[in-house]
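Following: one structure in structure tokens, then a few remarks.
Protein chains: 2
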Amino acid sequence: MAATRLSSMTTSLHHRAIENLGTRIVSGNLPAGHVILAEQLEDELKVSRSVIREAVRVLQSLGLVETTKRVGIRVLPPSRWNPFDPQVIRWRLASDARGAQLRSLAELRAAVEPAAAELAAGNAPAPLRLELVDVAYAMREAGHNGDVPRFLELDIQFHSLLLSGSGNEMFANLMGQVAETLTGRTVHGLMPDHPHEAALQWHVDVAEAIARGDAEAARDASDRIMRRTMSQMSDTWTEQPRVFIPVRR
Amino acid sequence: MAATRLSSMTTSLHHRAIENLGTRIVSGNLPAGHVILAEQLEDELKVSRSVIREAVRVLQSLGLVETTKRVGIRVLPPSRWNPFDPQVIRWRLASDARGAQLRSLAELRAAVEPAAAELAAGNAPAPLRLELVDVAYAMREAGHNGDVPRFLELDIQFHSLLLSGSGNEMFANLMGQVAETLTGRTVHGLMPDHPHEAALQWHVDVAEAIARGDAEAARDASDRIMRRTMSQMSDTWTEQPRVFIPVRR
DNA sequence: GAGTTTTGATGTCTGCACACATCGGTGTCA
DNA sequence: TGACACCGATGTGTGCAGACATCAAAACTC
Numbered sequence: 001m002a003a004t005r006l007s008s009m010t011t012s013l014h015h016r017a018i019e020n021l022g023t024r025i026v027s028g029n030l031p032a033g034h035v036i037l038a039e040q041l042e043d044e045l046k047v048s049r050s051v052i053r054e055a056v057r058v059l060q061s062l063g064l065v066e067t068t069k070r071v072g073i074r075v076l077p078p079s080r081w082n083p084f085d086p087q088v089i090r091w092r093l094a095s096d097a098r099g100a101q102l103r104s105l106a107e108l109r110a111a112v113e114p115a116a117a118e119l120a121a122g123n124a125p126a127p128l129r130l131e132l133v134d135v136a137y138a139m140r141e142a143g144h145n146g147d148v149p150r151f152l153e154l155d156i157q158f159h160s161l162l163l164s165g166s167g168n169e170m171f172a173n174l175m176g177q178v179a180e181t182l183t184g185r186t187v188h189g190l191m192p193d194h195p196h197e198a199a200l201q202w203h204v205d206v207a208e209a210i211a212r213g214d215a216e217a218a219r220d221a222s223d224r225i226m227r228r229t230m231s232q233m234s235d236t237w238t239e240q241p242r243v244f245i246p247v248r249r
Numbered sequence: 250m251a252a253t254r255l256s257s258m259t260t261s262l263h264h265r266a267i268e269n270l271g272t273r274i275v276s277g278n279l280p281a282g283h284v285i286l287a288e289q290l291e292d293e294l295k296v297s298r299s300v301i302r303e304a305v306r307v308l309q310s311l312g313l314v315e316t317t318k319r320v321g322i323r324v325l326p327p328s329r330w331n332p333f334d335p336q337v338i339r340w341r342l343a344s345d346a347r348g349a350q351l352r353s354l355a356e357l358r359a360a361v362e363p364a365a366a367e368l369a370a371g372n373a374p375a376p377l378r379l380e381l382v383d384v385a386y387a388m389r390e391a392g393h394n395g396d397v398p399r400f401l402e403l404d405i406q407f408h409s410l411l412l413s414g415s416g417n418e419m420f421a422n423l424m425g426q427v428a429e430t431l432t433g434r435t436v437h438g439l440m441p442d443h444p445h446e447a448a449l450q451w452h453v454d455v456a457e458a459i460a461r462g463d464a465e466a467a468r469d470a471s472d473r474i475m476r477r478t479m480s481q482m483s484d485t486w487t488e489q490p491r492v493f494i495p496v497r498r
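In order, the protein sequences belong to chains A and B. For what it's worth, my numbering labels the leading residue of the first sequence as 1, then goes sequentially. For what it's worth, my numbering labels the leading residue of the second sequence as 250, then goes sequentially.
In structure tokens, the structure reads:
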């Protein structure tokens, strides 16, 4: 009944509540151990109890909060968060922990892509292998021409095809994060106009190795790409503090 | 033992609703594209709207369903599910796709652990390195003595320490899945009473390499463990169909 | 200190109003 | 007559408000 004139012009109240709370928690604005009351959130966000409850349920499933009767909604420490959830990753990228998140993603990618290349050489469907080779050639050309936007587009496509071609749905799921990483790297001007000549050839090597089913060569070439990428980026985040998640026994 | 503290515990209606729907969707009982109505779920599960709505919100955040006005709650295809969510993994392990899920996890682990070993050699805190060596020695002893339960316990601890010691929270988050994999392998009688002699030594090699900060040696030894594990298990799931997630453009 | 009662927050239920995508009927125009 | 654009009816999720149930922390009693 109340003035809901300004209601869902943009997104649903539910999403806005999740976004608001998720951002505040991941940014550290709401520190671990802090207790919030549902009623207090209703007042703050000017929404009804159902909206708050549904949002809290989602955050609970992400490991960001826990609810206890007679206590309230308690913020959980980062070690309890699901670090693979796309929303959590997005919130972390928008927080002070951006550098640490980028490093984590890069390390994961460096571990996974060579494995994906190895698997793709054995399992990828034939059309995908052909497309991979085409894209690698196009990348090389775009790189030589200094066509940065097109290179980025092809780069994303290349690595997406690689992950998809592995036939492992967990690897494939990383496509989105990889795309975001590559885009971010380009947008922030960390990419030269003309990519490293050897790196371009390594992409071709990966594609051709996969095309002919040479798992070991595909893996090695992919590993070279990843090691170069890591060494390029390592300078920027050396001072990022590492977080060691304790072993739960 | 994993996964369930059911029975005697009176789990909340909310959790039961999530469990019921999640299981049905992941098992394929509710196929992709199928539309359910919230009211229908209230009747089926004999719970109120609020419980259903909160459960659906959670499933929505996992990518299992989407809601559309005037249509209902639509089940999404597996390519939309979040393959890293612990609940989704658990539901898949309890479904016909168990074999495929185990393979995916094993492939992910095979990719990540050597990378984690490499990172741990450079970053792990000193006490963790020492503990890792102790555990590796204890593993070797338990292996020689044929003490299967103790070996399993130490095996889990070893790999958890390794992942934790990497200082990458995404790697560390895989501890739970690894523990479940190792436990499942033992429970299902896939482990011999006396583990492979060389594998025992490789664990020691990993630990000692990390202890002395030799990243390359740590990685290589870990890689040997993983490759042996993969080749051991590959027989059991060769006929599991692979799912290729399409590249979204 | 152990056991009991009180208290206060989440958990669950229900009725209502609203937003809005879809469907089907109606009217117009070729 | 047939094709097509329009528009209102319909159904379903979304959001709101208030009540009662439940249960664990905290206070209290012995």
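Where is the CB? At the ideal position from N, CA and C, for every residue including glycine.
Is the beta carbon of Glu54/A closer than 7 Å to that of Glu268/B? no
Measure the CB-CB distance between Asp334/B and Leu311/B and report whether it falls below 7 Å. yes
Distance between Arg461/B and Trp202/A (C-alpha atoms, nearest Å): 33 Å
Determine the burial state of Met1/A: buried for a count of at least 16 other Cβ atoms within 10 Å of its Cβ, exposed for fewer. Unreliable placement is indicated for Met1/A, whose pLDDT of 34 sits below 50; no coordinate value is reported for it.
Nearest to Ser222/A by alpha carbon, out of Ala207/A, Ser234/A, Gln232/A, Asp235/A? Ala207/A
Around the Cβ of Thr317/B, are there at least 16 other Cβ atoms within 10 angstroms (buried) or fewer (exposed)? exposed
Quick one: Cα of Ala391/B to Cα of Arg399/B, how far? 6 Å
Could you tell me whether any Cβ in chain B is nearer than 7 Å to the Cβ of Pro83/A? yes
Every unbroken alpha helix (DSSP H) inside the region 189–244 of chain A [4 residues or more]: 197–211, 215–237
Selected residue, minimal CA-CA separation from Gly414/B, among Arg498/B, Arg477/B, Asn372/B, Trp486/B: Asn372/B
Reference Leu308/B; option with closest CA among Val337/B, Met479/B, Gly321/B, Asp383/B: Val337/B
Near-chain A residues of the region 453–483 of chain B - C-beta to any C-beta below 9 Å: none
Confirm, please, whether the CB-CB distance from Thr430/B to Leu342/B is below 7 Å. no
Thr253/B CB to nearest chain A CB: under 7 Å? Only weak support exists for where Thr253/B lies, its pLDDT of 34 falling under 50; the value from the coordinates is given anyway. No, its Cβ sits nowhere closer than 7 Å to a Cβ of chain A.
Is the shortest distance between the beta-carbon of Leu290/B and the beta-carbons of chain A less than 7 Å? no
Kindly indicate which three-state DSSP category Val247/A falls into: helix, strand or coil? coil
Under 7 Å between the Cβ atoms of Arg228/A and Gly416/B? no
Kindly indicate if chain B contains any beta-carbon less than 7 Å away from that of Val247/A. yes
Using a Cβ cut-off of 8 Å, pull out every chain A residue sitting near Arg302/B, in sequence order please. Ser50, Glu54
Short of 8 Å in beta carbon distance, which residues of its chain neighbour Leu286/B, apart from the five on each side in sequence? Order them along the chain. Gly321, Ile322
Interface residues of chain B facing Ala111/A [CB-CB closer than 7 Å]: Ala360, Val361, Ala364
In the structure shown, what three-state DSSP assignment does Thr317/B receive? strand
Verify whether the separation of the beta carbon atoms of Glu315/B and Ile301/B is less than 7 Å. no
So, is Asp235/A buried or exposed, given that buried needs 16 or more other C-beta atoms within 10 angstroms? exposed
For Arg378/B and chain A, any beta-carbon pair shorter than 7 Å? no
Is the beta carbon of Ala349/B less than 7 Å from the beta carbon of Gln489/B? yes
Can you pull the chain A residues whose beta carbon is under 7 Å from the beta carbon of Ala421/B, in chain order? Ile245
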